[in-house]
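Some notes on the structure that comes next.
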Amino acid sequence: MRQVIKGRQVVGDDWIYAEKDCAPTGGRTVLPLADFLAARAAGVADAASLGVKLLPADDEAALEPYLADLPLVAVEFPSTGEGRGYTQARLLRERHGYRGELRAIGAVRVDQIWFLARCGFDVFDLAGGEDPAVAIAQLERFSVVYQPGPDGLTQPRRRYGA
Amino acid sequence: MYRYDTLDQTLVAERVAQFRDQTQRFLAGTLSEDEFRPLRLRNGLYIQKHAPMLRVAVPYGLLSTRQLRMLAHLARKYDRNYGHFTTRQNIQYNWPALKDVPDMLADLATVEMHAIQTSGNCIRNVTADHFAGIAPDEIDDPRPYCEIIRQWSTLHPEFNYLPRKFKIAVTGSPADRAASEVHDIGLHMRRGPDGQVGFEVLVGGGLGRTPIIGKVIREFLPREHLLSYLEAILRIYNQEGRRDNMYKARIKILVKAKGEQAFRDAVEQEWALIRDSALRLDTAEIDRVRAFFAPLPYEPLADIDATAGREAAYVAWYRHNTRAHKMPGYRAVVVSLKAPDIAPGDITADQMDALADLADRVSSGQVRTTHDQNLILGEVRQQDLYETWQGLTTLGLATPNIGTLTDMICCPGLDFCSLANAGSIGIAKQINDRFSDIDYLYDLGPLEIKMSGCMNACGHHHVGHIGILGVDKHGEEWYQITIGGSASGTSSLGTVIGPSVGKADVADTIAKLLDVYVSQRREAETFLDTVRRIGVEPFRERVYAASH
Numbered sequence: 111m112r113q114v115i116k117g118r119q120v121v122g123d124d125w126i127y128a129e130k131d132c133a134p135t136g137g138r139t140v141l142p143l144a145d146f147l148a149a150r151a152a153g154v155a156d157a158a159s160l161g162v163k164l165l166p167a168d169d170e171a172a173l174e175p176y177l178a179d180l181p182l183v184a185v186e187f188p189s190t191g192e193g194r195g196y197t198q199a200r201l202l203r204e205r206h207g208y209r210g211e212l213r214a215i216g217a218v219r220v221d222q223i224w225f226l227a228r229c230g231f232d233v234f235d236l237a238g239g240e241d242p243a244v245a246i247a248q249l250e251r252f253s254v255v256y257q258p259g260p261d262g263l264t265q266p267r268r269r270y271g272a
Numbered sequence: 034m035y036r037y038d039t040l041d042q043t044l045v046a047e048r049v050a051q052f053r054d055q056t057q058r059f060l061a062g063t064l065s066e067d068e069f070r071p072l073r074l075r076n077g078l079y080i081q082k083h084a085p086m087l088r089v090a091v092p093y094g095l096l097s098t099r100q101l102r103m104l105a106h107l108a109r110k111y112d113r114n115y116g117h118f119t120t121r122q123n124i125q126y127n128w129p130a131l132k133d134v135p136d137m138l139a140d141l142a143t144v145e146m147h148a149i150q151t152s153g154n155c156i157r158n159v160t161a162d163h164f165a166g167i168a169p170d171e172i173d174d175p176r177p178y179c180e181i182i183r184q185w186s187t188l189h190p191e192f193n194y195l196p197r198k199f200k201i202a203v204t205g206s207p208a209d210r211a212a213s214e215v216h217d218i219g220l221h222m223r224r225g226p227d228g229q230v231g232f233e234v235l236v237g238g239g240l241g242r243t244p245i246i247g248k249v250i251r252e253f254l255p256r257e258h259l260l261s262y263l264e265a266i267l268r269i270y271n272q273e274g275r276r277d278n279m280y281k282a283r284i285k286i287l288v289k290a291k292g293e294q295a296f297r298d299a300v301e302q303e304w305a306l307i308r309d310s311a312l313r314l315d316t317a318e319i320d321r322v323r324a325f326f327a328p329l330p331y332e333p334l335a336d337i338d339a340t341a342g343r344e345a346a347y348v349a350w351y352r353h354n355t356r357a358h359k360m361p362g363y364r365a366v367v368v369s370l371k372a373p374d375i376a377p378g379d380i381t382a383d384q385m386d387a388l389a390d391l392a393d394r395v396s397s398g399q400v401r402t403t404h405d406q407n408l409i410l411g412e413v414r415q416q417d418l419y420e421t422w423q424g425l426t427t428l429g430l431a432t433p434n435i436g437t438l439t440d441m442i443c444c445p446g447l448d449f450c451s452l453a454n455a456g457s458i459g460i461a462k463q464i465n466d467r468f469s470d471i472d473y474l475y476d477l478g479p480l481e482i483k484m485s486g487c488m489n490a491c492g493h494h495h496v497g498h499i500g501i502l503g504v505d506k507h508g509e510e511w512y513q514i515t516i517g518g519s520a521s522g523t524s525s526l527g528t529v530i531g532p533s534v535g536k537a538d539v540a541d542t543i544a545k546l547l548d549v550y551v552s553q554r555r556e557a558e559t560f561l562d563t564v565r566r567i568g569v570e571p572f573r574e575r576v577y578a579a580s581h
C-alpha cells in the first residue's frame, strides 16, 4: 500500500491514481481533470470516492461546482522546478474555499514540503527515495513567516494580517 | 537603517539551520548533485570553475560598518582575503569551501545578513537607487518600501519555483540610478493627487539574450497596495510564464507574447480579487519601517568651498568622486573600486575593515553599494572631505575616475564563471593600460563601458554607452561591441557596430570609437549624445574601414 504523509504522520493510502481515459474503478479513484469532469457531468453515484488530479496547465477554477463534496484534489508536480501547483493550491484554498484533502504528488521532495504546506497542501505523496521522517521534520523548520497564507500549520508569527 | 526584530532574526536563524541540514545531507550522499542544486542556488551558492561561489545579499545596497567588517571577516576566514561587489549591489566570495558555507551564513546572521534568494528561480534581492535618502532630486526614500518587499518576497511559499529568476528595483528619484527599466519589475516613486506617495509600475524589462525596456503597466499605484499588486504580477507570471525553454522564461517574454494590454488586464483582474486581502499595507506597518530610515541627525551646516587652496589631485577627486547631498554642508563620496590594477568591484578584507573605520569617523557608520560596482560614503561633512580623500588614497580607493571610461562595469567572466564564453577582467586590464591618461578621460567626459563575458549580460553590456560582449568563436574569445546604450532616465539598448573583434583589438577599437566622438562632438556633448545624434554609421566606418 502507498504511504503518504498526513497530519505529520506516515499513513497508508488506498486511492487509485487512474490514467487518462479510465472509467471510475470500484475503489476510491483519482481521475485526470477531463475524465473527472466527464464523470461528474454524467452523474456518479458516490462523489466521495472520486478525486481529481490537476496537471500544471489545468485550470483549478473548473472544479468550482464540485468543491463542496470533492474529497481529494491531487496536484501533480512533474518536476521539482514546476511551480504552478503552488498557485493552484492557494487559489483552491483561498479563492474557491476548498476544504477537502489537497495532495501533492509527483516529484515531491522533502525540501519543498514547507512551501507546499504553506500554500495549503495537507497530504504529501513523496517522490520515490524520499525519507518521510526527514520530510516531516521540514514541517517544523520555521516558526515565523512573513506572508499570510492558507496553511494549516500552527499559527506562526506573521508580518501582515496577523 | 532597518534593524531586525525577533521575527526577522528568528527567520534567518532558522534558514541557516535549514541550509546546514541540506548541506549535510548532500555531503552525506543523501541528496544528489541534481537535487542539491536548486536548494543551494536559493541560498546564493553556485559551483563555479574553481570552487563554490557564495553571493551574499546586501538588501538595496545598504550596509552598516558592522556588517562591512563581517564581510571582511568572511573574506579572511573563509576566502582569499577579498570579495567582489556585483551590479545588483550584492557581494560575492569566489573561493569558499562548501562545508564552510553554513558557518559563513551563521556568521552573517549575527549581523542581520543572509544569502537568501540571491540566486535560483525566485524573487532576488531587491535593489534601489544608491543615493536613496540623500539625493537632492528625490521624491521620497524608496528603502522602506524595498525592505517591505524584501520581507514579503523572503521564502514566499507560492513564488519560490518561478519559471525563471525575478528582479525588482525601486527608485525614488526622477533620475533612474537603479537601472529599473531593465528589471522584471521597476518601481518609480511618484506623488499622487493627495500628496501621498505611490509607484509607477514597469514590467518586463531585462537584459540577457533578449534585451527589452520595461513597459509601464500602471501609472500610479497607491503605496498601501504595493504588495498585493506585486503578488498579482507574480501570480500571473507563475501561472503563464514559459517553462519549456529557459531562454524564453523571463517575464519580459510573457509580456511580449501576451501583449502589453492583455498582460495589464490580467494583472488588474487578479489584483481586484486580492487588493484588500491581508497584503494591504496599513499605515502602522509602513510607518514602522519608515522610522528606521528617518533622516540622520544632520548638523546645521552651510555649503563651503571644499576645494579652495587644495592640490590638483584632491580637486580632481572632489570633482569626479563626490556628489551633491540634499543637506547643505554635506556631500556623498563615491569610493572607487576601479583602480587600474584590480578587477572592477573587487575589494580586500583589509580595505573593507579600514573603510569601515573611515566611515565611522567621517560619515554615518553606513556604506552603500552601487550598481556600477563602487561603494558610497553617504554622509560626509564637506569640511571632512579632504581627510576622507587622504584616507581613501592611503587605501587605494580614491582613483578619481568615477563616471569616466575606466569606471567600468565588468562581470567575473571566464576567469571565474562557468557560464562565460570569454574573459572580461583581462579586457578591463587592457582598457586600463591603454587609457591611463586621466586628463584624456576627463576630456572625454561621462562614459560608461559595460562588459559581460556571455549573453546572460551580468555586466549589462546592452545598456553601456559602449557595451562589450564576450563571445566564443571556435574556442577563441571574441568581443562584440555595441554603442548608444543607457539605463539611466531615457533608457536605450546599444546597437552592434559590426562583426566582433579579436581579444587583442578591444582597446584599439574603443580608441577608434573615441576618435570619432572627439572629432564629431559639439560643445558639451557627451559620447552618448553624439551617438544618438549622428547614429552608429560613422563609428562603424571608422572601426572597420581601417582594417581594409
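The listed protein sequences correspond, in order, to chains Z and S.
Under my numbering, the residue at position 97 of the first sequence is numbered 207, and the numbers go up by one with no gaps.
Under my numbering, the residue at position 251 of the second sequence is numbered 284, and the numbers go up by one with no gaps.
In this text, a Cβ means the ideal position worked out from N, Cα and C, and glycines have one as well.
Whose C-beta lies closer than 7 Å to the C-beta of residue i among residues of the same chain, with five residues either side of it excluded?
| i | result |
| --- | --- |
| Ile219 of chain Z | A small correction: the amino acid at residue 219 of chain Z is Arg; Ile does not occupy that position in the sequence shown. So the qualifying residues of the chain are Thr190, Ala237, Glu240. |
| Tyr115 of chain S | Ala108, Asp379, Ile380, Thr381, Ala382 |
| Arg183 of chain S | Pro92, Val159 |
| Leu547 of chain S | Leu477 |
| Pro175 of chain S | Ala161, Asp162, Ala165, Val203, Thr204, Gly205, Met222 |
If contacts are defined as beta-carbon pairs under 8 Å, then residue i and residue j qualify, I think. What distance do you get, rounded to the angstrom?
| i | j | result |
| --- | --- | --- |
| Glu186 of chain Z | Ile223 of chain Z | Not a contact, Cβ separation roughly 16 Å. |
| Leu177 of chain Z | Arg213 of chain Z | Not confirmed; about 15 Å, so no contact. |
| Ala357 of chain S | Pro169 of chain S | 5 Å |
| Leu131 of chain S | Pro85 of chain S | 5 Å |
| Pro258 of chain Z | Gln113 of chain Z | The Cβ separation is near 32 Å, so there is no contact. |
| Ala148 of chain S | Asn76 of chain S | 5 Å |
Counting only Cβ pairs nearer than 7 Å, list the residues of chain S close to residue i.
| i | result |
| --- | --- |
| Lys168 of chain Z | Reading off the sequence shown, one finds Asp at residue 168 of chain Z, where the question assumed Lys. Correct list: empty, because the minimum Cβ distance to chain S is about 11 Å. |
| Asp221 of chain Z | Gln55, Leu72 |
| Arg228 of chain Z | Pro190 |
| Val254 of chain Z | Leu40, Thr43, Leu44 |
| Arg200 of chain Z | Glu191 |
Take residue i and list the residues in its own chain whose beta-carbon comes closer than 6 Å to its own, dropping the five residues that flank it on each side.
| i | result |
| --- | --- |
| Ala387 of chain S | Leu428 |
| Asp505 of chain S | Asn454 |
| Ala158 of chain Z | Pro181 |
| Val564 of chain S | Ile516, Gly517 |
| Leu165 of chain Z | Glu186 |
| Phe296 of chain S | Val288 |
Let me confirm a value: residue i is counted as buried when at least 16 other C-beta atoms fall within 10 Å, else exposed. Which label applies?
| i | result |
| --- | --- |
| Phe326 of chain S | buried |
| Gly292 of chain S | exposed |
| Thr432 of chain S | buried |
| Asn154 of chain S | buried |
| Glu570 of chain S | exposed |
| Thr98 of chain S | buried |
| Thr39 of chain S | exposed |
| Leu374 of chain S | Per the sequence shown, the amino acid found at residue 374 of chain S is Asp instead of Leu. Asp374 of chain S comes out exposed. |
| Lys371 of chain S | buried |
| Met28 of chain S | The structure shown does not extend to residue 28 of chain S, since chain S spans only 34 to 581, so no value can be given for it. |
| Gly117 of chain Z | exposed |
| Gly262 of chain Z | Only weak support exists for where Gly262 of chain Z lies, its pLDDT of 48 falling under 50; the coordinates are left without a value. |
Note the first and the last residue of the continuous alpha helix (DSSP H) segment covering residue i.
| i | result |
| --- | --- |
| Leu138 of chain S | 134-142 |
| Val395 of chain S | 382-395 |
| Val368 of chain S | First-last for Val368 of chain S: 363-368, but that is the beta strand (DSSP E), not the alpha helix (DSSP H). |
| Trp224 of chain Z | 223-228 |
| His353 of chain S | 345-354 |
For residue i, which residues of its own chain have a beta-carbon under 8 Å away from its beta-carbon, when the five flanking residues on both sides are left out?
| i | result |
| --- | --- |
| Ala461 of chain S | Ala376, Pro377, Met441, Cys443, Met484 |
| Leu391 of chain S | Leu410, Thr421, Gly424, Leu425, Leu428 |
Residues of chain S with CB closer than 9 Å to the CB of residue i, please, in chain order.
| i | result |
| --- | --- |
| Phe225 of chain Z | Leu188, His189, Pro190, Glu191, Asn193, Tyr194 |
| Arg251 of chain Z | Glu47, Arg48, Ala50, Gln51, Asp54 |
Using a C-beta to C-beta distance shorter than 9 Å, which residues of chain Z count as neighbours of residue i?
| i | result |
| --- | --- |
| Asn154 of chain S | Gly191, Gly193 |
| Asn271 of chain S | Gly193, Arg194, Tyr196, Thr197 |
| Arg631 of chain S | No answer is possible for residue 631 of chain S: the residues shown for chain S start at 34 and end at 581. |
The beta strand (DSSP E) spanning residue i covers which residue range?
| i | result |
| --- | --- |
| Ser97 of chain S | 95-97 |
| Asp505 of chain S | 499-506 |
| Leu220 of chain S | 218-224 |
| Thr139 of chain Z | 139-142 |
| Pro177 of chain S | No beta strand (DSSP E) holds Pro177 of chain S; the alpha helix (DSSP H) holding it covers 176-186. |
Interface residues of chain S around residue i at Cβ under 8 Å?
| i | result |
| --- | --- |
| Arg205 of chain Z | Leu306 |
So residue i contacts chain Z; which residues on that side make the cut at Cβ distance below 7 Å?
| i | result |
| --- | --- |
| Arg275 of chain S | Those within 7 Å of Arg275 of chain S in chain Z number zero; the least Cβ separation is about 12 Å. |
| Glu68 of chain S | Arg219 |
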